[in-house]
Amino acid sequence: MVESYSKNANHNMRRPVVKEEIVDLMRQRQKQVTGFLKELEDFARKENIPIIPHETVAYFRFLMETMQPKN
Numbered sequence: 054m055v056e057s058y059s060k061n062a063n064h065n066m067r068r069p070v071v072k073e074e075i076v077d078l079m080r081q082r083q084k085q086v087t088g089f090l091k092e093l094e095d096f097a098r099k100e101n102i103p104i105i106p107h108e109t110v111a112y113f114r115f116l117m118e119t120m121q122p123k124n
């Protein structure tokens, strides 16, 4: 069982939702950001500014390509 600070806490909150190999695929094997977004990501990491994980970037990229939004 997952340890918790409180007996009332939801123990499932600390359990992984996605298999580790799927997260690895989304983080490492997906197209990496380039250009200005890469510079921004590097700056955020250097300055310890929170940013969304790469798998979220991959999801949004997929979503936008699928929906093909108009301006």
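Residue numbers for the sequence shown, in our numbering: 54 to 124. Don't be surprised by glycine CBs; every beta carbon is placed ideally from N, CA and C.
Is the Cβ-Cβ distance between VAL110 and GLN81 less than 9 Å? no
| message | Using the three-state DSSP reduction, which class does ILE75 fall into: helix, strand or coil? | response | helix
#### Entry: Runs of alpha helix (DSSP H) wholly within the segment 73-121 (minimum 4 residues, chain order)
73-77, 88-99, 107-120
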